[in-house]
Amino acid sequence: MAPPTLDELMALEARPKERLFQNRKITRLVTIEEHCATPFPVPVTSVTWSQFLPEYLSGVKERLGNVEQRIKIMDLNGIEAQIISLNQPGAQAFTDVAQAVEYCQKVNQFIYEQYVQKYPKRFFAFAALPTQNGAATAAELERCVKEYGVVGAIVNGYSQTTNPEKGLYLDDAQFDALWEVAERLQKPIFIHPRTPLPSNIRTLEDIPIMHGAPYGFGRETVEHCIRLMYTGVLDRFPRLKIATGHMGEGLSWILPRTDSTFRLYTPG
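For the sequence shown, full-length UniProt numbering begins at 1 and goes up steadily by one.
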């Protein structure tokens, strides 16, 4: 089913904010995980893009790059502001550190100039981070907070490595540099889903539609978060703020069982 066009959306009667949430009055509605398109390519794209219906994909691409249209849709739905960020795989698609750093610098400047600077009351930003290297990741977060006033950062899952079967995750010791900056500045790190590595979804390799949003996205994020919890990142940085979308990507449902049973096993 194709999404409605802007004309179709604008023909609808705008609903009062109070009707969106019947039990409480909303005075300010700010939405997060609001992606945008940039003119800067990445070396690896998600295989799930090719599985979308063409009519759906064309509508999404149009909305991701049209700022004026975005504002009209926000107004129609009573949205006062959005936090703008990259979609997956984003900066995590690179294997070369220097290329990733350059890409993030361009993207973060683009989002600031095209959204935040032009419409400071309507848009905020999550920084893109070059998570191919811990020190570079920490430096880019600190730079973007100081220069662009970002409200946090987004990481689109694992980072690509030269081994197509292996990804780099944020529990790696080198990312303590990132956690130190994020905790000190009190800026949340939003962990966004990504299509799992082929080695991590072999059970469903013959059902590619399940590799993306219907299932694989949530699984990839849950496992990333479990790595952060189990390896002690949150113990070493107790004031750290980690955010996920889609009601925790399913983590909130399995966490009670995980928390109550992992102590029964030999660590390792």
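All C-beta atoms in this analysis are idealised placements derived from N, C-alpha and C, irrespective of residue type, glycine included.
Whole-angstrom distance between residue j and residue i, CA atom to CA atom
i, j, result
"residue 116", "residue 252", "32 Å"
"residue 197", "residue 237", "28 Å"
"residue 103", "residue 203", "34 Å"
"residue 1", "residue 40", "Low confidence applies to residue 1: its pLDDT is 46, below 50, so where it sits in the model is not reliable, and the reading given next is rough at best. Those two C-alpha atoms are separated by around 29 Å."
"residue 76", "residue 63", "14 Å"
"residue 165", "residue 229", "23 Å"
"residue 195", "residue 168", "14 Å"
"residue 129", "residue 259", "30 Å"
"residue 66", "residue 54", "19 Å"
"residue 137", "residue 42", "17 Å"
"residue 19", "residue 214", "Annotation note: pLDDT 45 at residue 19 (below 50); position unreliable, coordinate value reported separately. In a straight line, the C-alpha of residue 19 is about 29 Å away from that of residue 214."
Where the alpha helix (DSSP H) through residue i begins and ends
i, result
"residue 207", "Residue 207 -> no alpha helix (DSSP H), and no H or E assigned at all."
"residue 68", "67 to 76"
"residue 246", "It is not in any alpha helix (DSSP H) - residue 246 carries neither H nor E in the DSSP assignment."
"residue 233", "233 to 236"
8 Å Cβ cutoff met for residue i and residue j
i, j, result
"residue 192", "residue 151", "no"
"residue 125", "residue 84", "yes"
"residue 160", "residue 94", "yes"
"residue 245", "residue 33", "yes"
"residue 221", "residue 149", "no"
"residue 106", "residue 188", "no"
"residue 134", "residue 177", "yes"
"residue 97", "residue 69", "no"
Which listed residue (the options) has its alpha carbon closest to that of residue i
i, options, result
"residue 100", "139, 120, 261, 112", "139"
"residue 71", "135, 190, 88, 122", "122"
"residue 127", "208, 142, 30", "142"
"residue 31", "205, 73, 232", "73"
"residue 302", "173, 108, 210", "Because the chain spans 1 through 268 in this model, residue 302 falls outside it and cannot be assessed."
"residue 183", "239, 207, 223, 231", "239"
"residue 235", "86, 180, 255, 219", "180"
Where the beta strand (DSSP E) through residue i begins and ends
i, result
"residue 151", "Looking at the DSSP string, residue 151 is not in any beta strand (DSSP E), and its letter there is neither H nor E."
"residue 182", "It is not in any beta strand (DSSP E) - residue 182 instead sits in the alpha helix (DSSP H) that spans 176 to 185."
"residue 98", "Looking at the DSSP string, residue 98 is not in any beta strand (DSSP E); the run it does join, the alpha helix (DSSP H), is 97 to 111."
"residue 189", "189 to 191"
"residue 221", "Not the beta strand (DSSP E): residue 221 falls in the alpha helix (DSSP H), residues 216 to 230."
"residue 85", "81 to 85"
"residue 127", "123 to 128"
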